[in-house]
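J.: Okay, handing you the structure first.
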Amino acid sequence: MKVDKVLGVGCTYMMYRVAETTRPYNIPTIVSMNTVMIDGTGMCGACRLVVDGKTKFACVDGPHFDAHKIDWDIIKSRRKTYLQEEIVSYERL
Ligand code: FES
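In case it helps, the working numbering puts the sequence shown at residues 2 to 94.
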């Protein structure tokens with residue numbers, strides 16, 4: 002079966018995995034990065050991405066982007082911003 006295009010909508014980790022799954026097969030892959038948006042006005046900066054080496058904002062420039070052009074390392078790093086606080090919070094439960 003030939004796959005012409007893949008669309009990914011979900012958490013950032015899932016979309017990252019989709020991108021890495023389709024990349025070796027060179028299947029055009031679009032992801033919806035609204036999951037990183039907060040206010041959706043272009044004011045907070047929370048949805049900032051690097052796509053094809055250029056800074057983009059999901060709420061202004063997207064939310065759909067070529068998954069193979071997104072710098073996923075930055076997004077993965079950002080996901081760990083509050084990791085220590087989350088661990089402490091979890092341990093206090
Ligand atoms: S969601 Fe705040 S700048 Fe895009």
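Ideal Cβ placement from N, Cα and C applies to all residues, glycine included.
1. If residue 44 and residue 63 are in contact, beta carbons under 8 Å, what's the gap, nearest whole angstrom?
2. Where does residue 42 sit, in a helix, a strand or coil, going by DSSP?
3. If contact is defined by three or more beta carbon pairs under 8 Å, each pair taking one atom from either stretch, is the segment 10-22 in contact with the segment 38-54?
4. For ligand 1, any of its heavy atoms closer than 7 Å to the Cβ of residue 38?
5. Quick one: is the Cβ of residue 66 within less than 7 Å of any heavy atom of ligand 1?
6. What runs of the beta strand (DSSP E), each 3 residues or longer, lie entirely inside the segment 62-94?
7. For residue 4, name the three-state secondary structure that DSSP assigns.
T.: Short version:
1. That belief does not hold up - the Cβ atoms of residue 44 and residue 63 are roughly 16 Å apart, past 8 Å.
2. coil
3. no
4. yes
5. no
6. 65-67
7. coil
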